[in-house]
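Structure record follows, encoded as C-alpha cells.
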Amino acid sequence: MRCVRPTAANHAPWRNPTPPMRTQVAIIGAGPAGLVLAHLLAQRGIDSVVLENRSRDYVERRVRAGVLEQGSVDLLRSMGVAERLDREGMVHHGIELRFDGAGHRIPLSELTGGASIFVYGQQEVVKDLIKARLDDGGVILFEAEAVGIEGALTDGPVVRYTHEGEPRELEGQFVAGCDGFHGVSRGSIPASALTVYDKEYPFAWLGLLAAVPPSSEEVVYAYHERGFALHSMRSPELSRLYVQVPPDDSLDAWPDGRIWDELGARLSVPGFTLDSGPILEKGITGMRSYVVEPMQHGRLFLAGDAAHIVPPTGAKGMNLAIADARVLAAALGAHYGAGDDALLDRYSNDCLGRVWRAEHFSWWMTAMLHRFPDDDPFQQRLQLSQLRYVTSSEAASTSLAENYVGLYRG
Ligand code: RFL
Ligand code: PHB
C-alpha cells in the first residue's frame, strides 16, 4: 500500500483523534463500479483506497444482477480477473420472449455479428475483483461507512467515515462516488448543481434463487395477463427467477408454493415444464429509472448506481457501472500520466450517451413486458403488437439485440 499516513501533529487532533489516511483516489463503495475502478487505476500505477460500509462476506453474498454484456466481459478479461468467469460463466447467444402462449427466440449473436452475453452472478464478479485486489496489495476497508465528503471543489477533498466505531478521514486528490443509489456521494453535491430525472414504476420484482437446474437453456422474458415473469439462471444447478408484484407487496404474502404457482402460470407454454426446488434466497425490489446530471462536481465523480439506475428488465445496471468505471479510469490516467484534464472535464458527457441509451432500452423493455395497474385493452393491444413486431421483423429484433448485447452509441 502506498498511502501516506501523516503524523497526528499535522492535523487537528481535537477534531478527529485518528490521523487521516491519504491516497490519490478515494473510492466510496466496493460494488462493480468501485472495484473495477480500483483495479484499472492500479494498472495505471494510481493509488486508491476503497471504503465499503458492509462486510466482505455480505457484499460477496448479495444476490443481484446476472447478465454481463460482451464489452464488460472483454474488460474483465483485459484486467486479468475473468479466469473463473471464463470457466463458470454461461455464454448465451439468444433470449426468448414469451407471450400469447408461445416462445419466440431472439438470436442475439446472429443479429449482431457474433456478440453474446454472459450469465454470471454479480456477487461472483465482486468476489473475483475483491480477491484479485487484495492479492495485489490493494486497500479495501470493509465496514467503513462514508458519512460525508468535504472540499469537492478543492484539490484535496476529504471523505469522513466511521470505522471500528471511530470517526476517521480519508484525504484524496479525487473522490469517486461508487456507493450505489443510497450512498452519501450524490447527496453531498448541492442540489442546485444537479438536475434529476426520475421515474418510478407502479410495480416491483420478487426475485428468488432456487436450488434447481434451470428449466430453460436461455433467459426467458414472459408477458402474461397475470403479470411479467423472468426465468434466468446462475449455474447448471441454480435457477434465478423473478415475478412482477405490486410495489408495496411483502414477502409474507408470498409463501414458496404461491411463488412457484405464479411462475408456472406466467411462464407456461406447451411443452415447457417449470421445475421447482428449495428457495435459497428471495427479495422484493422496486423499479425505477433515475439519472442525475452532471455526474461530476469539482473533484467528486459519480459512477454506477450512484448516478443512475434503470429497471432491471434490460439487464443494464451492472454493465453501466462497469462502463462508467472504465471511462473514469481513463480520465484519471490522462490526468496523472500526461497532465491532461480534458477527459476528466468530459467525464459526465462521455458517460451520459451510453447511460441514456440504456435508460431508454430498459424503460422500453419494461413498458412492453409488464402489466400496468391502469392498463386498458387498448394498451394491452399495443404491447402485443409491439411484441409480435419485435419477434417477427428482422430490423426490430436486430434493434433489440444490439441494445441487449450493448452494441450501441449514445
Ligand atoms: P452497488 O453494487 O450498489 O455498490 C455500491 C456499494 O457501495 C456501498 N455503500 C457504501 N460504502 C461506504 N459508505 C457508504 N456510505 C456507502 N453506501 C453504500 C454498498 O454497500 C455497495 O457495496 O453499485 P454499483 O457498483 O454502481 O453497481 C450497480 C449494480 O449493482 C446494479 O446496477 C445492478 O445490480 C442492477 N441489476 C442488474 N444489472 C445488470 O447489469 N444486469 C442484470 O441482470 C441486473 N439485474 C439488477 C438486476 C439489480 C437488481 N436489484 C436488486 C436492484 C436484478 C436486480 C433484482
Ligand atoms: C438475472 O439473471 O438476474 C437477470 C437476467 C435478466 C434481467 C435481469 C436479471 O433482465
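Per the working numbering, the sequence shown starts with residue -1, numbered consecutively. Here a beta-carbon is modelled for each residue, glycine too, at the ideal position from N, C-alpha and C.
9 angstroms Cβ cutoff met for residue i and residue j
| i | j | result |
| --- | --- | --- |
| A332 | L342 | yes |
| A227 | L278 | no |
| L298 | A150 | yes |
| P30 | I320 | yes |
| I282 | G335 | no |
| A183 | L300 | Checking the sequence shown, residue 183 turns out to be Ser, not Ala. It is a contact, given that the beta carbons lie within the stated cut-off. |
| S190 | G146 | no |
| H37 | R131 | yes |
| T84 | G178 | Inspection of the sequence shows that residue 84 is occupied by Asp rather than by Thr. Contact: no. |
| L35 | C176 | yes |
| P309 | W361 | yes |
| V137 | A202 | no |
| H90 | P188 | no |
Whole-angstrom distance between residue j and residue i, CA atom to CA atom
| i | j | result |
| --- | --- | --- |
| P11 | G351 | In this predicted model, P11 has a pLDDT of only 37, less than 50, meaning its place in the structure is not dependable enough to derive any value. |
| L265 | Y240 | 11 angstroms |
| D338 | R344 | 12 angstroms |
| E291 | P200 | 25 angstroms |
| R355 | G163 | 42 angstroms |
| E235 | L207 | 11 angstroms |
| W348 | A399 | Residue identity check: residue 348 is Asp in the sequence provided, not Trp. Cα-Cα distance, rounded: 23 angstroms. |
| A305 | V173 | 14 angstroms |
| K129 | V267 | 43 angstroms |
| L192 | T110 | 36 angstroms |
| R59 | G92 | 28 angstroms |
| V210 | S233 | 10 angstroms |
| R166 | R20 | 11 angstroms |
| H161 | E169 | 15 angstroms |
| T396 | L405 | 11 angstroms |
| S287 | G315 | 11 angstroms |
| G284 | G135 | 37 angstroms |
| H222 | F97 | 6 angstroms |
| N8 | V156 | Reliability of the predicted coordinates at N8 is poor, the pLDDT of 35 falling under 50, and the value obtained from them is presented with this limitation in mind. Using only the alpha carbons, I get a separation of about 15 angstroms. |
| Y219 | S114 | 17 angstroms |
| L326 | A393 | 34 angstroms |
| N14 | D322 | The pLDDT assigned to N14 is 49, lower than 50, so where the model puts this residue is not dependable, and the model offers no usable value. |
| S46 | I25 | 7 angstroms |
| D254 | Q22 | 49 angstroms |
| Q384 | L367 | 10 angstroms |
| S214 | H229 | 8 angstroms |
| S346 | L139 | 27 angstroms |
| T152 | A340 | 18 angstroms |
| A328 | V353 | 18 angstroms |
| P212 | A263 | 17 angstroms |
| V48 | Q171 | 14 angstroms |
Selection from the options that minimises the alpha carbon distance to residue i
| i | options | result |
| --- | --- | --- |
| G27 | G43, I44, R54 | R54 |
| P245 | G225, G119, P253 | G225 |
| S76 | A313, P268, R324, L278 | R324 |
| F359 | A313, Y118, I25 | A313 |
| L73 | S237, L33, C176, M293 | L33 |
| V289 | E143, S233, A202, V194 | V194 |
| L382 | L95, A24, L35 | L95 |
| S237 | P276, A251, A202 | P276 |
| E141 | M366, E50, F270 | E50 |
| E357 | Q294, Y402, I307 | I307 |
| V71 | Y56, I25, D126 | D126 |
| F270 | W252, M366, E216 | E216 |
| R82 | W258, A263, G99, Y118 | Y118 |
| Y402 | A63, E67, V57 | E67 |
| T364 | K197, L249, A328, S346 | K197 |
| Q121 | Q294, S213, Y56, G78 | Y56 |
| V61 | V124, E86, P212, L139 | V124 |
| M488 | G112, F116, D372 | No information on residue 488 is available, as it lies outside the stretch -1 to 408 that the chain covers here. |
| A144 | D153, G181, T311, Q171 | G181 |
| D133 | M293, P212, G78 | G78 |
| L249 | T311, A63, K280, A263 | K280 |
| V65 | D374, G154, G87 | G87 |
Legend entry - Within 5 angstroms of the ligand PHB: residues by beta-carbon to any heavy atom: G64, V65, S230, R238, P310, A313
Inset, instruction - Pair every Cβ in the region 388 to 403 with every Cβ in the region 99 to 107, then say whether three or more of these pairs are closer than 8 angstroms. - result: yes
Legend entry - Stretch pair the region 375 to 382 + the region 40 to 51: three plus CB contacts closer than 8 angstroms: no
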